[in-house]
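Student: If you read the protein sequences in the order shown, they are chains A and B.
Under my numbering, residues 510 to 857 are what the first sequence spells out, in order.
Under my numbering, residues 510 to 857 are what the second sequence spells out, in order.
There are 2 protein chains.
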Amino acid sequence: MNDYRGKRIIVTGGLGFIGSNLAIRLVEAGASVTIIDSRVPGCGANLFNIAPIVPGIDLIESCIGDVERFASALKEADAIFNLAGEISHSRSMDDPERDLYLNTVTQLRFLLACRANCPGARILYASTRQIYGKPVYLPVDEQHPVQPIDFNGVHKCAATQYHLLLARRGDLDCRVLRLSNVYGPRMALHLPQQGFLGVYVARALNGEPIVVYGDGEQLRDPVHVDDVVEVFLRAGLAPDLKSRVFNVGGPQPVTLNEIAAAAARQSGRSPIHHLPFPEHLIRMDIGSYFSDLTRTQRELGWVPSIEFEAGLKGTLAYYREHRDRYFGFTKQPELPTAARLEYPAVTQ
Amino acid sequence: MNDYRGKRIIVTGGLGFIGSNLAIRLVEAGASVTIIDSRVPGCGANLFNIAPIVPGIDLIESCIGDVERFASALKEADAIFNLAGEISHSRSMDDPERDLYLNTVTQLRFLLACRANCPGARILYASTRQIYGKPVYLPVDEQHPVQPIDFNGVHKCAATQYHLLLARRGDLDCRVLRLSNVYGPRMALHLPQQGFLGVYVARALNGEPIVVYGDGEQLRDPVHVDDVVEVFLRAGLAPDLKSRVFNVGGPQPVTLNEIAAAAARQSGRSPIHHLPFPEHLIRMDIGSYFSDLTRTQRELGWVPSIEFEAGLKGTLAYYREHRDRYFGFTKQPELPTAARLEYPAVTQ
């Protein structure tokens, strides 16, 4: 596969933040795109995200675990960008079994269906820096110990291992990207559990206070979604690779204070508030993190190109133009807690 | 907790191989023991294993995921030896979701119930060297990369991470032992999927050929169950520890050829057959493995004391005395494939 023109591509979680940006770029590149997305409440699916490519893609509304609903689409796939999942750390602590279902159980079913239906397809999985836990050294490379500090990290780790195990066995050609904090157009701004960058963007947009917990000197390496899309596309086209796991992060480490200051500048209205670290957050805090991108640059020829403040400026411009599509509500929507995810019995 | 006298101890999987040996020693040490065991077919539960301590213990026949069935027992527990699970690598490849349920889903439910009911109890978890996968160096210490090569390894790894995550948060006092190949009295000899040591013992007992695949030069460090019981007891009594993960292996590495030769000698009748490695096994083979026990010795003061051939001799003596309790059938029992494990829906 040299380029995406005419290729049949599946994007799971394609209505979400990164998935929709990727689907748009794939359509622009001439691919035939099928999105599989369950629109599970709380996970960031937003039909408006794919407005630029509707009609022109296929959308299968299905959990990735309900494999019989899209087996025929799998059979024709040249590559699968596997971005479905729940990313909220805090919600995984509130309801660990929901997170286990969304990030592990369904991924197992999905990958077994891929093995049965499209063993030749390339599979690109969106993993997360969260599985490293609290860094024991910086920058964090792909050999860093895996010691997640929340259930979301455990479950994404298990799904990562499924991909790597099936690759090691020669069953599937999987490649795994471990994403740092991603920002840009099409984030679910109304879901504060999806990360502090979305919260900062939302507050900058609304001129509300931007809150920094603790001394604000923790480092992060925010990466723009356009850069992330680029590295996914490269990972999908790369022929045989030496490695199967690649860190993906931003162009440089910045402190939370710097991130907050940039957001306040771009807002023009938001003040910055410093508050003590709340107890429930301190127990999930990882201190400073930034990625060692040496392997990704060497094997995929990719470096992040979008400086944080420039990327933030464009991000805010996007939301100013489409505010009503991301802020039709000021609070997060009520989750239907009485509803149940499909979780069939397992034969022994 | 200085000793086990008068202490209330729960052993999950207490009808199985290691769990039953542990329960017997705990009763001898004066503990009040409750066994929780689901007797799920294929996992090695055998009521005869606890014959020496019946009556005198409480037995709750329950999956560890059905937490409402034993919440009151949890409330009184001083320590929990958590050995429930499925250990078969090959069966996890045949039915990954069964393995996910038995080793991960139910462990999550169990640990959350422990957090709710007995946050002060010490929890000792039986993990496995399997999560290390194919060693990248020898001997394997606790820092070795985790890269399981079968689903069983992925799921035991996730359960290990649950224990460590809850310990890191200060929610539960968990300690994890990563077991090498364990042998001794009370193995499920009729279940060949539970490891080659049980198969060798069974064949030696019956005078059947002992089969070595490949050149037989792969190393293992078999450890006798009495040594394993001893390290579990020590880990349960140790006050604050620097580490939470400890390797447990045998006194020295031996080749499969040496293990087979010892089994043949102790049998007096079994020939040794060399066969090429079958394809389905070669893909799960980890090459050579033996444990670095430095940390375990330093922090728990434990070293394995039982030499392999002496341990094997005693093991065969046990099964010769109780053959009908472990060999009432010559083949493995039919698993009720139509039966279903309880796998309730998950609220979102």
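In this text, a Cβ means the ideal position worked out from N, Cα and C, and glycines have one as well.
Just to confirm the assignment: which complete alpha helix (DSSP H) runs, minimum length 4, are found wholly within the stretch 655-702 of chain B?
Tutor: Runs of the alpha helix (DSSP H) inside the stretch 655-702 of chain B: 660-677.
Student: Starting from the C-beta of Pro644 (chain B), find all residues in its chain whose C-beta is less than 8 Å away, skip the five residues before and the five after it, and write them out in chain order.
Tutor: Counting only Cβ-Cβ distances below 8 Å, and skipping sequence neighbours, we find His653, Ile795, Gly796, Ser797, Tyr798.
Student: Need the endpoints of the alpha helix (DSSP H) that Phe741 (chain A) sits in, please.
Tutor: 734-746 is the extent of the alpha helix (DSSP H) around Phe741 (chain A).
Student: Whose CA, out of A:Gly574, A:Asp724, A:Asn766, lies closest to the CA of Glu606 (chain B)?
Tutor: Among A:Gly574, A:Asp724, A:Asn766, the Cα nearest to that of Glu606 (chain B) is on A:Gly574.
Student: Counting contacts by CB-CB distance shorter than 7 Å, is Ala583 (chain A) in contact with chain B?
Tutor: Sequence check: residue 583 (chain A) is Leu here, not Ala. No, Leu583 (chain A) does not count as interfacial toward chain B.
Student: With respect to the beta strand (DSSP E) encompassing Arg517 (chain B), which residues constitute its N-terminal and C-terminal limits?
Tutor: From DSSP, the beta strand (DSSP E) with Arg517 (chain B) extends over 517-521.
Student: Can you grab the Cα-Cα spacing for the pair Pro731 (chain B) / Gly707 (chain B), in whole Å?
Tutor: Approximately 11 Å between the Cα atoms of the pair.
Student: CB Ser800 (chain B) to CB Asn756 (chain B), shorter than 7 Å?
Tutor: Against a cut-off of 7 Å, the Cβ pair of Asn756 (chain B) and Ser800 (chain B) comes out as a contact.
Student: Compare the beta carbon distance of Ser597 (chain A) and Gln727 (chain A) with 7 Å and say whether it is the shorter of the two.
Tutor: Their beta carbons are not under 7 Å apart, which means Ser597 (chain A) does not touch Gln727 (chain A) by this criterion.
Student: Please list, in chain order, all residues of the same chain as Ser776 (chain B) whose beta carbon is under 8 Å from its beta carbon, the five residues on each side excluded.
Tutor: Once the five neighbours on either side are set aside, the close Cβ partners of Ser776 (chain B) are Arg712, Ala713, Leu714, Gly716, Ile719, Leu825.
Student: Are there 16 or more other CB atoms within 10 angstroms of the CB of Ala847 (chain A), so buried, or fewer, so exposed?
Tutor: Any reading at Ala847 (chain A) needs caution, since the residue's pLDDT is 25, under 50, leaving its predicted position unreliable; the model's value is listed next. It is exposed - the Cβ of Ala847 (chain A) has fewer than 16 other Cβ atoms within 10 Å.
Student: Are the C-beta atoms of Ala770 (chain B) and some chain A residue less than 7 Å apart?
Tutor: Cβ-Cβ to chain A under 7 Å: no for Ala770 (chain B).
Student: Leaving out five residues before and five after Ser779 (chain B) in sequence, what residues of the same chain have Cβ atoms less than 7 Å from its Cβ?
Tutor: Excluding positions up to five away in sequence, the list reads Arg712, Ala713, Gly716, Glu717, Pro718, Ile719, Ala772, Ala773.
Student: Would you mind working out which of A:Leu790, A:Arg834, A:Arg792, A:Arg753 sits nearest Thr669 (chain A), comparing C-alpha positions?
Tutor: Closest option to Thr669 (chain A), Cα to Cα, is A:Arg753.
Student: Kindly give me the distance between the Cβ atoms of Arg624 (chain A) and Leu674 (chain A), rounded to whole angstroms, as I take these residues to be in contact under 8 Å.
Tutor: Not confirmed; about 11 Å, so no contact.
Student: Considering Gln536 (chain A), what are the terminal residues of the alpha helix (DSSP H) in which it resides?
Tutor: A small fix is needed here, since residue 536 (chain A) is Val in this sequence, not Gln. Unbroken alpha helix (DSSP H) run through Val536 (chain A): 526-537.
Student: If you compare alpha carbons, which of B:Ile640, B:Leu609, B:Gly662, B:Arg578 is closest to Asp546 (chain B)?
Tutor: With distances taken between Cα atoms, Asp546 (chain B) lies closest to B:Arg578.
Student: Which bits of chain A does Tyr671 (chain B) rub up against, with CB to CB less than 7 Å?
Tutor: Result: Val663.
Student: Do Ile518 (chain A) and Ala902 (chain A) come within 7 Å of each other at the CB atom, strictly closer than that value?
Tutor: In this structure chain A extends from 510 to 857, so residue 902 (chain A) is not present and cannot be described.
Student: Sorted by chain position, which residues of the same chain lie with C-beta nearer than 6 Å to His672 (chain B)'s C-beta, five sequence neighbours on each side aside?
Tutor: Cβ within range, chain order: Tyr634, Cys683, Val685.
Student: Using DSSP's beta-bridge definition, name the partner residues of Ser541 (chain A).
Tutor: Beta-bridge pairing links Ser541 (chain A) to A:Arg517.
Student: Find the residues of chain A that neighbour Ile658 (chain B), judging by a C-beta separation of less than 8 Å, and give them in chain order.
Tutor: Near Ile658 (chain B) (Cβ distances below 8 Å), the residues of chain A are Leu674, Arg677, Arg678.
Student: Is it true that the CB of Ala586 (chain B) sits closer than 7 Å to the CB of Ala630 (chain B)?
Tutor: Result yes, Cβ atoms of Ala630 (chain B) and Ala586 (chain B) sit closer than 7 Å.
Student: Write down the C-beta distance between Val549 (chain B) and Leu611 (chain B) rounded to the nearest angstrom, noting that I regard them as a contact closer than 8 Å.
Tutor: Between Leu611 (chain B) and Val549 (chain B) the Cβ distance is about 7 Å, and since that is below 8 Å, they are a contact.
Student: Let me make sure I understand the geometry here. Which of A:Asp603, A:Met602, A:Ile632, A:Ser601 has the alpha-carbon closest to that of Gln616 (chain A)?
Tutor: Gln616 (chain A) has its Cα closest to that of A:Ile632, out of A:Asp603, A:Met602, A:Ile632, A:Ser601.
Student: Between the stretch 689-697 of chain A and the stretch 740-753 of chain A, can you find at least three pairs of beta-carbon atoms closer than 8 Å?
Tutor: No: the two stretches stay apart, fewer than three of their Cβ pairs being nearer than 8 Å.
Student: Indicate the three-state DSSP secondary structure (helix, strand or coil) for Asp546 (chain A) in the structure shown.
Tutor: Asp546 (chain A) falls in the strand class under three-state DSSP.
Student: From Pro760 (chain A) to Gln761 (chain B), what does the alpha carbon distance come to, in whole angstroms?
Tutor: Using only the alpha carbons, I get a separation of about 49 Å.
Student: Taking the CB atoms as reference points, tell me whether Ile544 (chain A) and Ile562 (chain A) lie closer together than 7 Å.
Tutor: Taking 7 Å as the Cβ cut-off, Ile544 (chain A) and Ile562 (chain A) do not qualify as a contacting pair.
Student: In angstroms, rounded to a whole number, what distance separates the CA positions of Glu469 (chain A) and Val649 (chain B)?
Tutor: Outside the displayed span of chain A (510 to 857) sits residue 469 (chain A), for which this structure offers no information.
Student: Going by other Cβ atoms of all chains shown within 10 Å of its Cβ, with 16 needed for buried, is Asp512 (chain B) buried or exposed?
Tutor: By the neighbour-count rule (16 or more Cβ atoms within 10 Å), Asp512 (chain B) is not buried but exposed.
Student: If we count the other Cβ atoms within 10 Å of its Cβ and call it buried at 16 or more, is Val812 (chain A) buried or exposed?
Tutor: Exposed, because fewer than 16 other Cβ atoms sit within 10 Å of the Cβ of Val812 (chain A).
Student: Using the Cβ count rule (16 or more neighbours within 10 Å means buried), how would you classify Ile791 (chain A)?
Tutor: The residue in question, Ile791 (chain A), is exposed, as its Cβ has fewer than 16 Cβ neighbours within 10 Å.
Student: In whole angstroms, what is the alpha-carbon distance linking Glu651 (chain A) and Tyr641 (chain A)?
Tutor: If I take the Cα positions, the gap works out to 9 Å.
Student: State the DSSP-derived secondary structure class of Ile596 (chain B), mapped to helix, strand or coil.
Tutor: Note: Ile596 (chain B) maps to coil in three-state DSSP.
Student: I need the straight-line Cα distance from Met793 (chain B) to Tyr722 (chain B), nearest angstrom please.
Tutor: Whole-angstrom Cα-Cα distance: 13 Å.
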